[in-house]
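One structure below.
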Amino acid sequence: MRCGDKYKQWNGGFDAGYCAASATPYITLHDESIIHPLKEVEAAALAWTTRPAQVVESLRYVVSQK
Numbered sequence: 012m013r014c015g016d017k018y019k020q021w022n023g024g025f026d027a028g029y030c031a032a033s034a035t036p037y038i039t040l041h042d043e044s045i046i047h048p049l050k051e052v053e054a055a056a057l058a059w060t061t062r063p064a065q066v067v068e069s070l071r072y073v074v075s076q077k
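Quick note: to get my numbering, add 11 to the position in the sequence shown (first position is 1).
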């Protein structure tokens, strides 16, 4: 889920809610300035990141642990 100036938070919020309800892991990507408004979304996320490279690192870690 990506949030920010160019991305609509309500669309991402819907997707995150759907993932959480269906027990599907997700990773968020957004600037640190909007951590507080997304705190509930972050609580259910597999990870939250601030850079695309962190998403790749997180996915690499998760895949290699299985």
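For glycine and all other residues, C-beta sits at the position ideal for the given N, C-alpha and C.
Sorting Ile38, Arg62, Glu68 by C-alpha distance to the C-alpha of Ala54 places Ile38 at the top. With contacts defined as CB atoms closer than 7 Å, Glu43 and Thr61 qualify as a contacting pair. Ala27 is classed as buried because its beta carbon has at least 16 other beta carbons within 10 Å across all chains shown. Shown here, Ala58 sits in a strand according to DSSP, grouped into three states.
The three-state secondary structure of Ile38, taken from DSSP, is strand.
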